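Trainee: The structure that follows is given in the form of structure tokens.
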Amino acid sequence: MTTVDWSAWRRQEPAPGAEGLRERKKRLLRQRLSDTATEMFLERGFDAVRVSEIARACDVSEKTVFNHFPTKESLILDRGEATSAALRAGLAETDRSPVEATLEILAEELRTLTSWLAAQDDPRDAAARIGRFGALTRSTPSLRAYHLDMTERLVAVAAEALARRGEGARTEDGDDRPGGPPPGPAGGPEVQIAAIALVGLWSVQYRSLARHLAEGTCAPDRLHEAVTADVRRAAALLAGGIDTSVACGTDTGTTSGSETGLATPAGTGRTSPRTPVHPTVQNMPR
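The sequence shown begins at 381 in our numbering and counts up by one.
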């Protein structure tokens, strides 16, 4: 069976500097298993294909498949760990805001995809394949559930990284003294809503991608510009609020509206959001 190199349109880890023959064989086998499974799922449906059939198509045992992929779902949705690692590393870089770091990760993923489209002999057929992939993941209950689990894990990674970032900022300001504001825990409301909002930008990017592909925007440069514009419009709602809320920690009893990104209406003692944000955390990238 002829397969497409699906890994080419996903964000890739940097190539190891001294990858040995054993490691290279394992990496290539993992890619072949995932690519073959993806083609079989697209052709016949996820539930209609057995893992044993994928193993036979790749001339390996079923046990070997599960040595590389813990579940059947991870054969097609296999980039969760790479995305988590990229987000964890990006949010640790304090010279950029969390929104800027997240946008850079998304931009790299989009560049990889549009470069793949540009390299195809028939960009429209390639775009149709991406559309079919998205439709498969949305229409299969077990894949939707796996998506949700991946999303929740990514939110947890972002929350932990943001909590550490906020703790570092308070330490630099001398707020770690006895009696000072406590570090914002990963489970705190400020950190949690910030993490959910950042991860929600993946949903914005992939919904935008699906919409523009459905509208026939297959020219890679036009597609890149259109999707980037949508993501940046969404990110503009977050910029200016996440840094402040994370740095404020959990000292909500003494935090003013201006510090939390909330505006106090004239003549009231209550606060209301400057801009309502309703992030979603579905449709994670593969």
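Beta carbons are placed, not taken as given, at the ideal position from N, Cα and C, and that holds for glycine.
Quick caveat, the model's predicted, so the values are computed rather than measured.
Taking the C-alpha atoms as reference points, what is the distance between A428 and P450?
Mentor: Numbered from its first residue, the sequence shown carries residue 428 at position 48. Numbered from its first residue, the sequence shown carries residue 450 at position 70. Straight-line Cα distance between these residues: approximately 19 Å.
Trainee: How should A525 be labelled, buried or exposed, when 16 other C-beta atoms within 10 angstroms of its C-beta is the threshold for buried?
Mentor: Taking the first residue of the sequence shown as position 1, residue 525 is located at position 145. Exposed.
Trainee: Quick one, are the C-beta atoms of A481 and E473 less than 9 Å apart?
Mentor: As a working mapping, residue 481 is identified with position 101 in the sequence shown. As a working mapping, residue 473 is identified with position 93 in the sequence shown. The answer is yes: Cβ separation under 9 Å.
Trainee: Excluding the five sequence neighbours on either side, which residues of its own chain have a C-beta within less than 7 Å of the C-beta of G400, listed in chain order?
Mentor: For the purposes of this step, residue 400 is identified with residue 20 of the sequence shown, where counting begins at 1. Correct list: empty, nothing qualifies.
Trainee: Could you give the first and the last residue of the continuous alpha helix (DSSP H) run that contains A508?
Mentor: What you label residue 508 is simply residue 128 of the sequence shown in a count that begins at 1. Segment 503-519, the alpha helix (DSSP H) holding A508.
Trainee: Which residues in the same chain have their Cβ closer than 8 Å to the Cβ of V607, if we skip the five residues on either side of it in sequence?
Mentor: The residue given as residue 607 occupies position 227 in the sequence shown. Result list for V607: L490, Q585, S588, L589, H592, in chain order.
Trainee: Are at least three pairs of beta-carbons, each pair with one atom in the stretch 504-524 and one in the stretch 443-462, less than 8 Å apart?
Mentor: yes
Trainee: If L493 sits next to V445, beta carbons under 8 Å apart, how far is it from one beta carbon to the other, in whole angstroms?
Mentor: The residue given as residue 493 occupies position 113 in the sequence shown. The residue given as residue 445 occupies position 65 in the sequence shown. About 26 Å separates the beta carbon of L493 from that of V445, a gap too long to meet the 8 Å contact definition.
Trainee: Exposed or buried, which one is L467 when buried takes at least 16 other CB atoms within 10 Å?
Mentor: By one-based count along the sequence shown, residue 467 stands at place 87. L467 is buried by the Cβ-count criterion.
Trainee: Could you have a look at E399 and say whether DSSP puts it in helix, strand or coil?
Mentor: As a first step, residue 399 is located in the sequence shown; it is residue number 19 there, counting from the start. E399: coil per DSSP, three-state reduction.
Trainee: Taking G460 as the reference, give the member of R436, A574, A536, E419 with the closest Cα.
Mentor: Along the sequence shown, one-based indexing puts residue 460 at 80. Answer by Cα proximity: A536.
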